[in-house]
Amino acid sequence: MSTAATQTLSCAALIVGAGPAGLSAAKAAASGGAAVLVLDDNAAAGGQIWRAGAHAHLPAEALALQRAVQACANVRVIQSAKVVGILDAHTVLVETPDAALRVQWQTLILCTGARERLLPFPGWTLPGVTGAGGLQALIKGGMPVQGQRVVIAGTGPLLFAVAATARKAGAKVLMVAETASLARVSTFARKLLLWPSKLVQAAQLREASYRTSATVLSVQGQGKVQQVTVQQGNRTTTLDCDRVAVGYGLVPNTGLAQALGCALHTQDGVPAVTVNAQQQTTLPHVYAAGECTGTGGCERAQTQGSIAGYAAIGKTAKARAFEKDRAYWSAFAAHANACFALDAGLKNLPHADTLVCRCEDVAHGALQAHSGWTQAKIHTRCGMGACQGKVCGTAAQFLYGWEMPEARVPLTPARVGTLAGASGNVGDLAD
Amino acid sequence: MTQAPSSVRVHIHGRAITVTAGTTVAGALAIAGVSATRTSVSGEPRAAVCGMGICQECRVRIDGRVRLGCQTVCAEGMNVESMA
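Protein sequences appear in the order of chains S and W.
So for the first sequence, the working numbering puts the first residue at 103; every next one is plus one.
So for the second sequence, the working numbering puts the first residue at 78; every next one is plus one.
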């Protein structure tokens, strides 16, 4: 097997991620005139919240920002590009569906977003069980749900948006089960007066099937979802359904930052990339913006991205102009995160035979006895599969209080040819 | 300027189906009625979960290469084989 030579690209500013933070950073950084390169993991820009696709409808602000970035002659965006490794202090290794790239940068802005927190419960590995945001993403990608009976569950305001997307695509939403209590959801809603645009969004997402203190206990079915059991207060209900979508909030994607050597801190119980007022990480040439710095929503991500983009090219005054907006949306994020903090009772969802690691099929009962991630990994292979612990490591952190696994290179599954081209050792590895 | 096609034809396990342009492979598999994308190490059927390239459950063979169904947009003539 032969491997094509790895192409090298150079840029003044490299932005990883083309969601609200990355696009805002690109627009700001481009104003300096130097070459800006944006690498994005998905087939189209927009990140998760502005996901494009066969059945996606994007808000005007998203389209306007995308057009503004496209209009910059000095910005190049490469889609379906995954950063798989770090070659030196200013070079990363990137894989696209057809090629491997070495990308050299002077300044790096990390806008790697967040992933959904998926917690194990009996039946969660059955086809038809997805994340909540996961269901929304799959529907936008054209997965049909017409006429299907769907239960959406977990926690946070995202559940309303998922229900709206599912219903628009023709699904019958049987229930939206919010695990937080009515008291906490009411606290969240009352304070929305401070963020009127959020209040307007909330008013548009009224949901008759919304239930609070409601948690999916288990899913039953033969080879696919057939029934779901939901606890509502003291009552347990079993419903026939076709899909169950459960998401317990978001967790920052910190892998690349950690592999580079940026410091992380704990925010809302999970690791986030540490940044200063300029969105600069603990490495002087590396900035971070958006959800990877702690989950905070689309508006905060945009203000952080703008600050990072301007700060990265030395336009400090321009960057400072966004600080007030950032504070406004950071306060919203803190309010939402406090109201939808996870209930410790969710730790009781998995049974001894419930799989926690979906890649290596390691059950809760096999993990409970271990003292930490490393010990569990050595003895059970937990976290050693294709997702590299991104799902089970996040679950184990919540269930057992273990530290999340450290980022490993390759940061995501990569082709042998990509890794071989990077080391120049093609002959030995690509046979 | 040529207009982008409004639909594309892909082959799922050798069977041709037509999907709306922009549909992901994960979407096409569901349209084709393929409920499982892979078989787990203990023999369980699995399908797409996170929808955003994290969980790796929707990995399938696309034109001979293992790729994620949720992050791959259908292209004309693509051949998709599940790993179930």
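Beta carbons: idealized from backbone N, C-alpha and C, even for Gly.
Does residue 244 of chain S have its Cβ less than 8 angstroms from a Cβ in chain W?
yes
Quick check: is the beta carbon of residue 95 of chain W nearer than 8 angstroms to any beta carbon in chain S?
no
Who are the neighbours of residue 136 of chain W on chain S, taking C-beta pairs under 9 angstroms?
488, 515
Check whether the Cβ of residue 463 of chain S lies closer than 8 angstroms to any Cβ atom in chain W.
yes
Find out if the Cβ-Cβ distance for the pair residue 170 of chain S, residue 412 of chain S is shorter than 8 angstroms.
no
Residue-chain proximity (residue 493 of chain S, chain W), Cβ-Cβ < 8 angstroms
yes
Same chain only: Cβ atoms within 7 angstroms of residue 362 of chain S, ignoring 5 sequence neighbours per side:
188, 385, 388
Compare the C-beta of residue 128 of chain W with all C-beta atoms of chain B and state if any pair is closer than 8 angstroms.
Among the protein chains in the structure shown, which are S and W, there is no chain B.
Residue 394 of chain S - DSSP class collapsed to helix/strand/coil:
helix
Minimum Cβ-Cβ distance from residue 519 of chain S to chain W less than 8 angstroms:
no
Indicate whether residue 234 of chain S and residue 127 of chain S have their beta-carbon atoms separated by less than 8 angstroms.
no
Compute the Euclidean distance between the alpha carbons of residue 238 of chain S and residue 267 of chain S, then round it to the nearest angstrom.
6 angstroms
Which of helix, strand or coil DSSP assigns to residue 124 of chain S:
helix
Just list the residues that DSSP pairs residue 87 of chain W with in beta bridges.
W:94
Using a Cβ-Cβ distance cut-off of 8 angstroms, determine whether residue 295 of chain S contacts chain W.
no
Between the C-alpha atoms of residue 160 of chain W and residue 123 of chain W, what's the straight-line distance to the nearest angstrom?
10 angstroms
Spatial distance of residue 301 of chain S from residue 223 of chain S (CA atoms)
33 angstroms
Hey, is residue 156 of chain S's beta-carbon within less than 8 angstroms of any beta-carbon in chain W?
yes
Using the beta-carbon of each residue, which ones in chain W are nearer than 9 angstroms to residue 143 of chain S?
129, 130, 148
Take residue 217 of chain S and list the residues in its own chain whose beta-carbon comes closer than 8 angstroms to its own, dropping the five residues that flank it on each side.
352, 353, 355, 492, 496
The alpha helix (DSSP H) that contains residue 165 of chain S, what's its start and end?
162-172
Within the chosen definition, does the stretch 263-278 of chain S reach the stretch 433-453 of chain S through at least 3 CB pairs nearer than 8 angstroms?
no
Evaluate residue 184 of chain S with the Cβ neighbour count: other Cβ atoms within 10 Å of its Cβ, from every protein chain shown; 16 or more gives buried, anything less gives exposed.
buried
Paired residues, beta bridge with residue 330 of chain S - DSSP
S:321, S:341
Would you mind sorting residue 526 of chain S into buried or exposed? The rule is 16 or more other CB atoms within 10 Å of its CB.
Confidence at residue 526 of chain S is low in this model, with a pLDDT of 46, below 50, so its placement is unreliable and the value that follows should be read with caution. Per the 10 Å Cβ criterion, exposed.
Between the C-alpha atoms of residue 159 of chain S and residue 221 of chain S, what's the straight-line distance to the nearest angstrom?
29 angstroms
Own chain, CB closer than 7 angstroms to residue 260 of chain S, minus 5 neighbours either side, in chain order:
234, 235, 349
In angstroms with no decimal places, state the Cα-to-Cα distance between residue 109 of chain W and residue 117 of chain W.
21 angstroms
State yes or no: is the beta carbon of residue 110 of chain S nearer than 8 angstroms to at least one beta carbon in chain W?
no
Continuous alpha helix (DSSP H) stretch holding residue 427 of chain S: start and end:
425-441
Around the Cβ of residue 373 of chain S, are there at least 16 other Cβ atoms within 10 angstroms (buried) or fewer (exposed)?
buried
If you count every other CB in all the chains shown that lies within 10 Å of the CB of residue 120 of chain W, and 16 or more means buried, which is it?
exposed
Kindly say whether residue 244 of chain W, judged by its beta-carbon, lies nearer than 8 angstroms to any beta-carbon of chain S.
There is no way to answer for residue 244 of chain W, as the model of chain W reaches only from 78 to 161.
Report the three-state DSSP secondary structure of residue 113 of chain S (helix, strand or coil).
strand
Less than 8 angstroms between CB atoms is the rule here; does residue 108 of chain W satisfy it with respect to chain S?
yes
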